[in-house]
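**Student:** Please find one structure pasted underneath; my questions will follow.
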Amino acid sequence: MASSGSDLGEFSEENSDYDQNSDDNDYDENVDEDSEWLGVENRKQEQLNKHIKKSSTDARMSHMPRKQMPTDTESDDDNSDVDVAPNSATDIGSDTGSDEDKSLRPPVFDPKDENNPKIKLRQIFSSFKELKEAIRTWNIKRGRSFKFVKSDSIRVRAICPKDGCDWCIYVRRMKGDGRLEVRTFQKKHKCGFSYHNKSVKSGWVGRRYVGIFRENPRLDYVSFKNLVMKEHKCHLSRHQGYRAKKITENLAKGSEMDQYNKLSQYINEIERSNPGSTVIMKLVDDYCDAVTGQGKFQRLYMCFAGVKQGFLAACRPVFGMDETFLKGSTRGVLLTAVGVDANNGMYPIAYAATEGETKDSWIWFLTLLKEDLKIERDYEWTIMSDKQKGIIQACEAVFSNATHRFCVKHMHSNMSSAGFKGAAMRKVLRKAAKATTPIQFRRRMEAIAELDAEVAKWLDDKDSTEWYRSHFSTYPKCDILLNNICESFNSKILDAREESIIAMMESLRYFMMSRMQENRDRARKNGANLQSAQKSRKE
1 MASSGSDLGE FSEENSDYDQ NSDDNDYDEN VDEDSEWLGV ENRKQEQLNK HIKKSSTDAR
61 MSHMPRKQMP TDTESDDDNS DVDVAPNSAT DIGSDTGSDE DKSLRPPVFD PKDENNPKIK
121 LRQIFSSFKE LKEAIRTWNI KRGRSFKFVK SDSIRVRAIC PKDGCDWCIY VRRMKGDGRL
181 EVRTFQKKHK CGFSYHNKSV KSGWVGRRYV GIFRENPRLD YVSFKNLVMK EHKCHLSRHQ
241 GYRAKKITEN LAKGSEMDQY NKLSQYINEI ERSNPGSTVI MKLVDDYCDA VTGQGKFQRL
301 YMCFAGVKQG FLAACRPVFG MDETFLKGST RGVLLTAVGV DANNGMYPIA YAATEGETKD
361 SWIWFLTLLK EDLKIERDYE WTIMSDKQKG IIQACEAVFS NATHRFCVKH MHSNMSSAGF
421 KGAAMRKVLR KAAKATTPIQ FRRRMEAIAE LDAEVAKWLD DKDSTEWYRS HFSTYPKCDI
481 LLNNICESFN SKILDAREES IIAMMESLRY FMMSRMQENR DRARKNGANL QSAQKSRKE
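Residue numbering for the sequence shown follows UniProt numbering, starting at 1 and increasing by one per position.
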C-alpha cells in the first residue's frame with residue numbers, strides 16, 4: 001500500500017505542471033468552432049440545397065409559360081420537362097471558391113457549337129444575336145418551328161406556334177456583366193416533325209455554307225439547294241434558295257460595294273502574280289464623290305501575259321469579237337476577243353467589262369488589244385464579228401487595213417430582217433458562202449437569182465471578202481464562216497456573268513487557266529497521234 005500511495009502521489013495536484021487556463025488558451029487558438037462537431041459541413045450543404053429548391057419553386061411559379069401553370073403539387077415533381085433557374089445566377093456560391101461551388105457554376109455557350117447547339121437551363125449567352133441564332137438552329141435541327149413573342153433589351157421569350165405544344169424558352173439579361181441567362185426552358189416539343197419549316201430563313205441558310213462555297217466557288221444553284229435540303233431535312237423554295245446562295249456568295253467573296261472598293265488591290269495582285277499582264281481600269285471622267293472623294297468605275301480590261309505569248313507564238317492572225325450582257329449586279333456588257341488555236345478551237349485572248357456596247361467602248365478595247373498583240377501591219381489580220389454598228393466603226397478606226405469578215409449566221413438574220421425569209425433562202429445562202437472557188441460561187445449565185453432575183457441583188461451589194469469563202473484571203477489560213485468561237489466562249493461563262501466584278505474576273509481567269517492546262521495535258525498525252533495527224537494534213 002505504501003508503494004501504491006507513493007505512485008499516486010506523483011500525480012497529485014501539488015506535484016503536477018498542468019495549468020487549466022493555459023489549456024483553454026491553447027484550445028481557442030488551435031480549434032475551429034465550426035468544425036467542432038462531426039457532420040457540420042454536411043448540415044450546411046443541406047441548408048444550401050433547401051435554399052436552392054425553394055428559390056426554384058418561386059421562380060417556376062413566376063416565369064411559368066402560358067398553357068402550363070402548375071399546382072402546388074406539380075411544382076415539386078422532379079420529373080417535369082420544365083426547367084426553371086433561380087432568380088439570379090449569383091445566388092449560388094458567388095462568394096466562395098470551393099469545389100462544391102465550382103460544380104454549381106452555370107454553363108457558358110461555346111460558339112464552336114453554333115451548328116449543333118446544346119441549350120441548357122442557366123446557360124449563359126454573350127449576346128442576343130448568339131442566343132437567337134442558337135434557338136433557331138436548335139429548333140431547325142429537330143424539324144420544329146418557333147416564334148419570338150418577347151424580344152427587347154432585357155429579355156427574350158420564344159414559344160412553339162403549334163396548338164397544343166408547350167415548348168418555350170425564357171432568357172433574361174443578368175445584372176452586372178450584361179450577359180444572358182436561360183431562366184426557363186421547356187425541352188420537348190409535343191408537335192410533330194415539319195418538313196416545311198417556316199423557321200428556315202435565307203439568312204440562316206446563307207451563313208451556314210460560307211466555308212463550303214469558299215471551297216467550291218462554282219457550286220451551282222441546284223446543287224446548293226439540294227445540299228441544304230438534304231442536310232437539314234427541310235424544304236427550300238426557289239426564291240429562298242436564290243437569296244440564300246446570294247447571301248453565301250456575299251459573305252464568302254464580299255458584297256458588290258466591297259468588291260468595287262477592292263478593285264485596286266485586286267489589280268495590284270494580278271500584276272504582281274502575273275508579270276507582263278495588262279490590267280487597265282478606267283473611271284468615269286470628271287466624277288468625284290462628294291463624301292469619299294473617290295471616282296466611279298466605268299471599265300476594266302484584262303489580258304494575261306501567258307495568253308498573249310501563246311497566241312503570238314502558235315495562233316493565226318485571226319480573232320473574233322463579240323459582246324454579252326452581264327446579268328448580275330455588275331451591269332453592262334462584257335467585250336471579248338477570241339482567237340483560233342491550232343486545233344481550230346477557241347482561244348480567249350482578252351476581255352473587258354464596260355458600261356455598254358458603244359463605239360467609244362469598242363475603240364478603247366481594240367486599242368488596248370492592238371497594243372498587247374503588238375500589231376503593226378494590220379493588213380495581215382482578219383477580224384470576224386456581227387454587223388453591229390459600233391463594232392464596224394471601231395474596226396475602221398483602229399484596224400483600218402484589216403480584213404473584216406461577218407458571220408454568215410448574222411448575215412442571214414439581216415437578210416430575214418430585209419424581208420427575205422424562209423428555210424430555202426437560208427440553205428442557198430450557206431451553199432454560196434461555202435463555195436471554195438469563184439466559178440463555184442457564181443454558179444450558186446445564179447441559183448439564188450433563179451429563186452429570187454431581189455435576194456441576189458441584195459447579196460451583190462455586200463463586199464465579196466466579207467462573207468463568202470471563195471474570196472477570202474489565203475494569208476491567215478483560216479476559212480471559218482461563223483463567229484462561233486465567241487459564241488462558244490460566251491456559253492462557257494454563263495455563271496460568271498451573274499457574279500460581282502471581282503468574282504466574275506476570277507471566274508474568267510480560272511476558266512482560261514484550267515482550259516489551257518487541260519489542252520496542254522491532252523497534247524502531251526496524245527503527242528504521237530497529233531504528229532501523225534499534222535503530217536497527214538500536210539500531205
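A virtual CB, placed ideally from N, CA and C, is assigned to each residue, including glycine.
Can you find a CB in chain D that lies within less than 9 angstroms of the CB of methionine 384?
**Tutor:** Looking for chain D here will not work: only one protein chain is present.
**Student:** Does cysteine 303 pass the burial test, meaning 16 or more other C-beta atoms within 10 Å, or should it be called exposed?
**Tutor:** buried
**Student:** Taking serine 385 as the reference, give the member of Glu376, Arg377, Cys395 and Tyr379 with the closest Cα.
**Tutor:** The residue with the shortest Cα to Cα distance from serine 385 is Cys395.
**Student:** Name the two residues that bound the continuous alpha helix (DSSP H) containing leucine 368.
**Tutor:** 359–372
**Student:** Report the three-state DSSP secondary structure of proline 438 (helix, strand or coil).
**Tutor:** helix
**Student:** What does alanine 350 pair with, by DSSP beta-bridge criteria?
**Tutor:** Ala337
**Student:** Go through the segment 401–467 residue by residue and report every complete run of the alpha helix (DSSP H) that reaches 4 residues or more, in order.
**Tutor:** For the segment 401–467, the full-length alpha helix (DSSP H) segments reaching 4 residues or more read 408–417, 423–433, 438–451, 453–460 and 464–467 along the chain.
**Student:** Measuring straight from C-alpha to C-alpha, what distance separates aspartate 468 and alanine 433?
**Tutor:** First, the amino acid is wrong: residue 468 is tyrosine here, not aspartate. Approximately 4 angstroms, taken between the alpha carbons.
**Student:** Quick check on glycine 320: does DSSP put it in helix, strand or coil?
**Tutor:** Note: glycine 320 maps to strand in three-state DSSP.
**Student:** Please classify glycine 241 as buried or exposed, where buried requires at least 16 neighbouring CB atoms within 10 angstroms.
**Tutor:** Counting Cβ neighbours within 10 Å, glycine 241 comes out buried, since at least 16 surround it.
**Student:** Which residues bound the alpha helix (DSSP H) around alanine 313?
**Tutor:** 305–314
**Student:** Going by C-alpha to C-alpha distance, which of Gly276, Ala402 and Glu355 sits closest to serine 473?
**Tutor:** Ala402
**Student:** In this structure, how does DSSP classify glutamine 127 when only helix, strand and coil are distinguished?
**Tutor:** As written in the sequence, residue 127 is serine, which differs from the glutamine given in the question. Coil at serine 127, not helix or strand.
**Student:** What does the Cβ neighbour count give for asparagine 483, buried or exposed, with the cut at 16 atoms within 10 Å?
**Tutor:** buried
**Student:** Following the continuous alpha helix (DSSP H) through alanine 244, name the residue where it begins and the one where it ends.
**Tutor:** 238–253
**Student:** When DSSP labels each residue in this structure, what does phenylalanine 325 get in the three-state scheme?
**Tutor:** strand
**Student:** Is the segment 489–507 in contact with the segment 254–269, if contact means three or more CB pairs nearer than 8 angstroms?
**Tutor:** yes
**Student:** Report back the beta-carbon spacing between proline 106 and isoleucine 124 to the nearest angstrom; my notes put them in contact at under 8 angstroms.
**Tutor:** Yes, proline 106 and isoleucine 124 are in contact; Cβ-Cβ is about 5 angstroms, under 8 angstroms.
**Student:** For a quick check, are the C-beta atoms of asparagine 139 and phenylalanine 146 less than 9 angstroms apart?
**Tutor:** yes
**Student:** Pick out whichever of Ser202, Arg218 and Pro317 has its Cα sitting closest to the Cα of cysteine 478.
**Tutor:** Pro317 is the residue among Ser202, Arg218 and Pro317 whose C-alpha sits nearest the C-alpha of cysteine 478.
**Student:** Taking 9 angstroms as the threshold (C-beta atoms), are histidine 196 and cysteine 165 in contact?
**Tutor:** No. Outside cutoff.
**Student:** Between which two residues does the beta strand (DSSP E) containing glutamate 355 stretch?
**Tutor:** That residue, glutamate 355, is in no beta strand (DSSP E); it is neither H nor E in DSSP.
**Student:** Between glutamate 357 and the rest of its own chain, which residues show a CB-CB distance below 6 angstroms, the 5 nearest in sequence each way excluded?
**Tutor:** So the qualifying residues of the chain are Glu323, Val333 and Gly390.
**Student:** Buried or exposed for arginine 405, please, with buried defined as at least 16 other CB atoms from any protein chain shown within 10 angstroms of its CB.
**Tutor:** buried
**Student:** Quick check on DSSP: helix, strand or coil for alanine 342?
**Tutor:** coil
**Student:** In chain order, what residues of the same chain lie with their CB nearer than 7 angstroms to the CB of glycine 39, ignoring the 5 residues before and after it?
**Tutor:** Note on glycine 39: pLDDT 47, under 50, position unreliable in the model; no value is reported.
**Student:** When you compare only the Cα positions, how much space is there between arginine 66 and lysine 150?
**Tutor:** Confidence at arginine 66 is low in this model, with a pLDDT of 46, below 50, so its placement is unreliable and no value can be given for it.
**Student:** Within the same chain, show all residues whose beta-carbon is closer than 8 angstroms to that of arginine 179, passing over the 5 residues directly before and after it, in chain order.
**Tutor:** Ile124, Phe125, Ser126 and Arg173
**Student:** What three-state label does DSSP hand serine 199 in the structure shown?
**Tutor:** coil
**Student:** Between the alpha carbons of glutamine 388 and glutamate 518, how many angstroms are there, rounded?
**Tutor:** Taking the Cα positions, glutamine 388 is about 34 angstroms away from glutamate 518.
**Student:** In the DSSP assignment, find the beta strand (DSSP E) that holds isoleucine 159 and state where it starts and stops.
**Tutor:** For isoleucine 159, the enclosing beta strand (DSSP E) begins and ends at 155–159.
**Student:** For leucine 368, tell me which candidate among Lys308, Gly345 and Ala418 has the shortest Cα-Cα distance.
**Tutor:** Closest by alpha carbon: Lys308.
**Student:** Under 6 angstroms Cβ to Cβ from glutamate 100, same chain only, skipping five residues before and after it: list those, please.
**Tutor:** In this prediction, glutamate 100 scores a pLDDT of 49, lower than 50, which makes its location untrustworthy; the coordinate-derived value is nonetheless stated afterwards. For glutamate 100, where only same-chain residues beyond five positions count, there are no Cβ hits under 6 angstroms.
**Student:** Taking the C-alpha atoms as reference points, what is the distance between tyrosine 209 and glycine 339?
**Tutor:** 38 angstroms
**Student:** Consult DSSP for glutamate 114 and reduce its assignment to one of helix, strand or coil.
**Tutor:** coil
**Student:** Taking C-beta to C-beta, are alanine 244 and phenylalanine 224 nearer than 9 angstroms?
**Tutor:** yes
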